[in-house]
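Taking my numbering, the leading residue of the sequence shown gets 187, the next gets one more, and so forth. For every residue, glycine included, the Cβ atom is placed at its ideal position computed from N, Cα and C. Since the structure comes first, as structure tokens, the remarks are kept for the end.
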Amino acid sequence: MKQISQSFEYQVFESIHELHVTDRELLDMAKDAISGSYAPYSHYHVGAAVKLANGTVVCGSNQENMSFPAGLCAERVAVFAASSAFPGVPISAIAISAISDDFEVSEPVPPCGMCRQAIVEYEMKFNNKIRIILAGQTGKVFIFHGMGTLLPLAFHEKGLAK
Ligand code: THU
């Protein structure tokens with residue numbers, strides 16, 4: 187038996203104002219995308235902005251449904267829309283933010299497990315790490331270099347890709 191430990195690194199910025207302008211602009215677009223959120227059940231509104239290698243930005247927001255599992259997170263709305271419109275273009279970055287009708291979202295919003303798996307698929311497809319920018323409504327901003335840090339040992343079966 188071998189015991190293996192893995193660690194990961196990420197950057198912490200005290201506020202959005204500390205970000206490099208290109209990250210701040212993408213985060214602003216994610217915040218703008220929150221206006222498209224349809225969240226009558228959770229009252230939690232998420233926006234995501236996906237930047238492609240050709241400079242195009244595609245945004246998405248969470249879309250809920252009366253049949254709860256039929257809804258979709260903002261991140262998957264955005265990455266699926268981006269991949270549908272630009273199937274051959276790698277994703278270079280994604281920014282995510284959220285607000286709630288009921289409380290202040292003061293911590294960076296990490297993508298849910300299914301969204302992590304959905305995003306890592308595009309890293310594997312293009313062999314290209316995605317910059318992940320996470321923010322709340324207020325407070326700190328986290329930046330990760332690649333989904334591998336947020337989803338170690340992601341499901342990856344080479345046999346299925348043939
Ligand atoms: N949600 C997202 O859009 N992204 C996530 O990564 C986590 C959760 C949405 C789903 C649902 O509409 C609401 O936030 C509350 O869970």
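Member of the options whose CA lies at the smallest distance from the CA of residue i
{"i": "Val275", "options": "Ile282, Ser283, Ile329, Val265", "result": "Val265"}
{"i": "Gln197", "options": "Glu307, Ile319, Val232", "result": "Ile319"}
{"i": "Val295", "options": "Tyr224, Val244, Gly233", "result": "Gly233"}
{"i": "Thr324", "options": "Thr335, Gly334, Ile285", "result": "Ile285"}
{"i": "Glu309", "options": "Leu337, Val244, Lys326, His229", "result": "Leu337"}
{"i": "Ile277", "options": "His231, Asn313, Met187", "result": "Asn313"}
{"i": "Ser283", "options": "Ala267, Tyr227, Met300, Ser247", "result": "Ser247"}
{"i": "Gly334", "options": "Lys344, Arg317, Phe328, Lys326", "result": "Arg317"}
{"i": "Val244", "options": "Gly299, Glu195, Ala279", "result": "Ala279"}
{"i": "Phe328", "options": "Asp218, Ala271, Glu250, Ser292", "result": "Ser292"}
{"i": "Ile202", "options": "Phe194, Gln192, Leu213, Glu195", "result": "Leu213"}
{"i": "Gln249", "options": "Tyr230, Tyr224, Ala271", "result": "Tyr224"}
C-alpha gap between residue i and residue j, whole angstroms
{"i": "Leu238", "j": "Ser269", "result": "9 Å"}
{"i": "Leu258", "j": "Lys311", "result": "22 Å"}
{"i": "Lys315", "j": "Glu261", "result": "16 Å"}
{"i": "Ala353", "j": "Gln303", "result": "No information on residue 353 is available, as it lies outside the stretch 187 to 348 that the chain covers here."}
{"i": "Glu211", "j": "Glu200", "result": "17 Å"}
{"i": "Ile220", "j": "Leu346", "result": "35 Å"}
{"i": "Val306", "j": "His331", "result": "12 Å"}
{"i": "Ala235", "j": "Gly241", "result": "12 Å"}
{"i": "Ala321", "j": "Asp288", "result": "18 Å"}
{"i": "Glu228", "j": "Met187", "result": "The question names Glu, yet the displayed sequence has Ser at residue 228. Going from the Cα of Ser228 to the Cα of Met187 covers about 45 Å."}
{"i": "Pro226", "j": "Pro297", "result": "20 Å"}
{"i": "Glu204", "j": "His342", "result": "35 Å"}
{"i": "Ala216", "j": "Ser253", "result": "26 Å"}
{"i": "Ala281", "j": "Ser191", "result": "28 Å"}
Reduced DSSP category for residue i - H, G, I as helix; E, B as strand; rest coil
{"i": "Leu339", "result": "coil"}
{"i": "Phe199", "result": "strand"}
{"i": "Leu131", "result": "Outside the shown range of the chain (187 to 348) lies residue 131, about which nothing can therefore be said."}
{"i": "Ala225", "result": "coil"}
{"i": "Ile220", "result": "helix"}
{"i": "Leu205", "result": "coil"}
Task: Around ligand 1, Cβ to any heavy atom closer than 6 Å, ordered along the chain - done: Residues lining ligand 1 by the Cβ criterion, that is a Cβ closer than 6 Å to any of its heavy atoms, are Ala225, Ser228, Tyr230, Val232, Asn248, Glu250, Gly257, Cys259, Ala260, Glu261, Pro297, Cys298, Cys301 in chain order.
Task: Unbroken stretches of the alpha helix (DSSP H), 4 residues or longer, contained in the stretch 230 to 314 - done: Every unbroken stretch of the alpha helix (DSSP H) spanning 4 or more residues and falling wholly within the stretch 230 to 314 is given here in chain order: 260 to 271, 299 to 312.
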